[in-house]
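K.L.:
Starting off with a structure, shown below.
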Amino acid sequence: NAAEKGGYEHFMLKEMYEQPKAIMDTFSPRLKNGNIVIEELGMSEEDIRSIRKIMIVACGSAYHTGMTSKYVFEGLARIPVEVDLASEFRYRNPILDEGTLLIVVSQSGETADTLAALREAKDKGVRVLGIVNVVGSSIAREADNVMYTWAGPEIAVATTKAYSAQLISLYLLAMKFAHVRGELSDKGLADMIEELKELPTQVEMLLNNKNKIQKFANRYLAAKSIFFIGRGIDYAISLEGSLKLKEVSYIHSEAYAAGELKHGTISLIEEGTLVCSVLTQEELYKKTISNMVEVKTRGAFVMAVTNVDNTEVEKAADYVIYLPKTNKYFTNSLAIIPLQLFGYYVAVGRGCDVDKPRNLAKSVTVE
Ligand code: G6P
């Protein structure tokens with residue numbers, strides 16, 4: 242009912258607006274005297290130093306947070322990471338040895354495939370860490386250790402605030418691991434903590450752009466297909482942006498690693514097709530801009546989500562959304578906000594049942 246939605250039209254919008262709080266509630270209890278303390282991890286510094294590989298297993302949006310964190314763990318902590326869909330992992334007889342840390346990520350803690358993956362790993366004697374939102378859920382109970390995301394109850398089928406809180410948990414872990422393993426200096430850690438603390442205000446700022454994004458979204462209510470492109474972390478962000486849009490608006494959408502476009506997807510670009518490109522990684526700006534030019538010359542309308550300093554992008558974009566400055570590993574937390582709003586407003590404009598999209602369930606407890 243209306244009261245539960247706290248004055249918002251939908252739970253999805255309400256939950257998007259709860260993201261600054263979800264982010265803050267997830268990092269605050271783990272910051273102590275300028276350090277990251279994750280007691281529930283149950284790992285000594287020696288244990289952290291002996292990790293040789295991380296495997297992250299999840300479904301849906303949680304899988305996308307795993308994709309993003311691969312770049313963070315590898316870039317920051319120099320630990321090799323494999324990310325797998327739970328439904329694939331459990332049937333491929335994965336190689337799990339001592340020195341592997343398995344992380345399962347789940348909002349509900351009840352997703353059948355993710356739970357089965359956890360059990361499979363535990364059978365093989367591997368340590369399993371759960372990143373879970375629902376306290377006391379099956380995954381929380383069965384994992385060796387649980388790091389809760391403090392997003393609070395999420396009602397809308399399409400996840401927003403739990404996704405944002407999952408990202409924060411994974412950043413905290415990567416920063417902790419990098420610091421303990423000597424890959425991140427005290428100063429480096431202190432700087433990142435400061436940048437982390439800025440995120441809630443920055444997310445709020447981006448949410449306050451909602452009217453502008455709604456106006457833009459209203460131009461695409463009849464779109465046949467919408468594409469998202471990016472490289473590295475920006476590819477992971479694109480996957481989630483595309484998923485949000487298709488889940489709630491029923492418009493066909495695909496996310497592509499920008500460099501892969503010319504191996505197929507570019508044939509789908511027609512006059513007026515919307516291509517949303519994500520550019521938050523400075524070293525890749527030029528590469529993605531060249532892909533934007535490629536689609537633009539074939540008639541695409543190009544929207545860009547990029548950092549405030551990347552005005553170069555205007556050469557190739559028809560519409561730009563700028564993000565405030567943050568650490569390069571935290572950009573997903575900002576870039577996803579306009580993309581969530583975009584998906585939401587396209588769905589609202591099309592009269593879709595935003596909180597309960599057809600055929601989808603909040604938690605998939607069957608295989
Ligand atoms: C469903 C939900 C998604 C969610 C996925 C994984 O498909 O609609 O929003 O990302 O399940 O759910 P979990 O609870 O494991 O995060």
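Every position in the sequence shown, counted from 1, becomes a number in UniProt numbering once 241 is added.
Ideal Cβ placement from N, Cα and C applies to all residues, glycine included.
1. When the distance is taken between beta carbons, is M253 closer than 8 Å to V595?
2. Say whether the stretch 323 to 331 touches the stretch 411 to 427, bearing in mind that this needs 3 or more beta-carbon pairs closer than 8 Å, one atom from each stretch.
3. What number of angstroms, rounded off, separates the C-alpha of V367 from the C-alpha of S508?
4. With I467 and S479 assumed to form a contact (beta carbons below 8 Å), what rounded beta-carbon distance in angstroms separates them?
5. Nearest by alpha-carbon distance to I562: which of Y586, N568 and L575 is it?
6. So, do the stretch 532 to 542 and the stretch 551 to 561 have three or more beta carbon pairs nearer to each other than 8 Å?
7. To the nearest angstrom, how far is it from the Cα of A318 to the Cα of A415?
8. Can you find a heavy atom of the ligand G6P that lies under 7 Å from the Cβ of V607?
9. Within 10 Å of its beta-carbon, does S494 have 16 or more other beta-carbons around it, so buried, or fewer, so exposed?
10. Quick one, which of K527, F571, T521 and N532 has its alpha-carbon nearest T547's?
11. Are V313 and Y570 close, meaning C-beta to C-beta below 8 Å?
12. Check whether the Cβ of A362 lies closer than 7 Å to any heavy atom of the ligand G6P, and answer yes or no.
13. Give every residue of the same chain whose Cβ lies closer than 6 Å to the Cβ of R293, excluding the five residues on either side of it in the sequence, and list them in chain order.
14. Is the separation between the beta-carbon of L343 and that of A362 shorter than 8 Å?
15. Which complete beta strand (DSSP E) runs does the stretch 358 to 401 hold, if anything under 3 residues is left out?
16. Between A381 and the rest of its own chain, which residues show a CB-CB distance below 8 Å, the 5 nearest in sequence each way excluded?
17. My understanding is that A499 touches N532, with C-beta atoms under 8 Å, so please give their C-beta distance in whole angstroms.
18. In the DSSP assignment, find the beta strand (DSSP E) that holds D325 and state where it starts and stops.
19. What are the boundary residues of the alpha helix (DSSP H) that includes A299?
20. For a test of the three-state rule: what should DSSP assign to T606, helix, strand or coil?
21. Which word fits R472, buried or exposed, when buried means at least 16 other C-beta atoms lie within 10 angstroms of its C-beta?
22. Can you find a heavy atom of the ligand MG that lies under 7 Å from the Cβ of S310?
23. Tell me the DSSP secondary structure of H305 in three-state form.
24. Do V516 and C593 have their CB atoms nearer than 8 Å?
25. Pull every residue with its beta-carbon under 6 Å away from any heavy atom of the ligand G6P, and keep them in chain order.
26. According to DSSP, what are the bridge partners of N276?
27. Does the distance from the C-beta atom of I277 to that of L462 stay below 8 Å?
28. At which residues does the alpha helix (DSSP H) containing I264 begin and terminate?
29. Any idea what DSSP makes of H251, helix, strand or coil?
30. For L430, which of helix, strand or coil comes out of DSSP?
31. Quick one: measure Cβ to Cβ for T267 and Q348, integer angstroms, because I've assumed they're closer than 8 Å.
32. Cβ atoms of S405 and I264: under 8 Å apart, would you say?
33. Considering just the uninterrupted stretch of the beta strand (DSSP E) at G482, what are its terminal residues?
34. Taking the alpha-carbon of residue 187 as reference, which of E245, P565, D288 and P261 has the nearest alpha-carbon?
35. Decide if H504 is buried, meaning its Cβ has at least 16 other Cβ atoms within 10 Å, or exposed.
P.N.:
In short:
1. Numbered from 1 along the sequence shown, position 354 holds the residue referred to as residue 595. Numbered from 1 along the sequence shown, position 12 holds the residue referred to as residue 253. In this structure, M253 lies closer than 8 Å to V595 by Cβ.
2. no
3. Within the sequence shown, residue 367 is the residue found at index 126, counting from 1. Within the sequence shown, residue 508 is the residue found at index 267, counting from 1. Using only the alpha carbons, I get a separation of about 44 Å.
4. If you number the sequence shown from 1, residue 467 lands on position 226. If you number the sequence shown from 1, residue 479 lands on position 238. Not a contact, Cβ separation roughly 11 Å.
5. For the purposes of this step, residue 562 is taken as residue 321 along the sequence shown, with counting starting at 1. Of Y586, N568 and L575, the residue nearest in Cα terms is L575.
6. yes
7. In the sequence shown, counting from the first residue as 1, residue 318 sits at position 77. In the sequence shown, counting from the first residue as 1, residue 415 sits at position 174. If you take the alpha carbons of A318 and A415, they lie about 6 Å apart.
8. Reading the sequence shown from its first residue, position 366 is the one you call residue 607. No - the ligand G6P has no heavy atom lying nearer than 7 Å to the Cβ of V607.
9. Here residue 494 is taken as the residue at index 253 of the sequence shown, counted from 1. So S494 ends up on the buried side.
10. Within the sequence shown, residue 547 is the residue found at index 306, counting from 1. Closest option to T547, Cα to Cα, is T521.
11. Here residue 313 corresponds to residue number 72 of the sequence shown, with the count starting at 1. Here residue 570 corresponds to residue number 329 of the sequence shown, with the count starting at 1. Cβ distance < 8 Å, so V313 and Y570 count as in contact.
12. Translated into the one-based positions of the sequence shown, residue 362 becomes position 121. A362 Cβ: outside cutoff for every heavy atom of the ligand G6P.
13. Within the sequence shown, numbered from 1, the residue matching residue 293 stands at position 52. Excluding positions up to five away in sequence, the list reads G340.
14. Position 102 of the sequence shown, counted from the first residue, corresponds to residue 343. Position 121 of the sequence shown, counted from the first residue, corresponds to residue 362. Taking 8 Å as the Cβ cut-off, L343 and A362 qualify as a contacting pair.
15. 368 to 373 and 386 to 389
16. Along the sequence shown, one-based indexing puts residue 381 at 140. G350, G371, V373, V375, V387 and Y389, listed in sequence order.
17. Here the question's residue 499 lines up with position 258 in the sequence shown. Here the question's residue 532 lines up with position 291 in the sequence shown. The Cβ separation is near 4 Å, so the contact holds.
18. As a position in the sequence shown, residue 325 is number 84, starting the count at 1. Segment V322 to L326, the beta strand (DSSP E) holding D325.
19. As a position in the sequence shown, residue 299 is number 58, starting the count at 1. No alpha helix (DSSP H) holds A299; the beta strand (DSSP E) holding it covers K294 to A299.
20. The count along the sequence shown starts at 1 and reaches residue 606 at position 365. Of the three classes helix, strand and coil, the one that applies to T606 here is coil, per DSSP.
21. Counting from one through the sequence shown, the residue named residue 472 turns up at place 231. So R472 ends up on the buried side.
22. Ligands in the displayed structure: the ligand G6P; the ligand MG is not one of them.
23. For the purposes of this step, residue 305 is identified with residue 64 of the sequence shown, where counting begins at 1. It is helical.
24. Your numbering for residue 516 matches position 275 in the sequence shown. Your numbering for residue 593 matches position 352 in the sequence shown. No, the Cβ-Cβ distance between V516 and C593 is not below 8 Å.
25. C300, G301, S302, A303, S347, Q348, S349, T352, T355, V398, A399, T400, L601, K603, S604 and V605
26. The residue labelled residue 276 in the question sits at position 35 within the sequence shown. K273.
27. As a first step, residue 277 is located in the sequence shown; it is residue number 36 there, counting from the start. As a first step, residue 462 is located in the sequence shown; it is residue number 221 there, counting from the start. It is not a contact, given that the beta carbons lie outside the stated cut-off.
28. Locating residue 264 in the sequence shown gives position 23, where the first residue counts as 1. Q260 to F268 is the extent of the alpha helix (DSSP H) around I264.
29. The sequence position of residue 251 within the sequence shown is 10, counting from 1. Coil, per DSSP.
30. Mapped onto the sequence shown, residue 430 falls at position 189. Three-state DSSP puts L430 in a helix.
31. Here residue 267 corresponds to residue number 26 of the sequence shown, with the count starting at 1. Here residue 348 corresponds to residue number 107 of the sequence shown, with the count starting at 1. T267 to Q348, Cβ: 13 Å. No contact.
32. Within the sequence shown, residue 264 is the residue found at index 23, counting from 1. Within the sequence shown, residue 405 is the residue found at index 164, counting from 1. Taking 8 Å as the Cβ cut-off, I264 and S405 qualify as a contacting pair.
33. Position 241 of the sequence shown, counting from 1, holds the residue named residue 482. First-last for G482: I474 to S490, but that is the alpha helix (DSSP H), not the beta strand (DSSP E).
34. This structure leaves residue 187 out entirely; the chain is present only between 242 and 608.
35. Within the sequence shown, numbered from 1, the residue matching residue 504 stands at position 263. Exposed, because fewer than 16 other Cβ atoms sit within 10 Å of the Cβ of H504.
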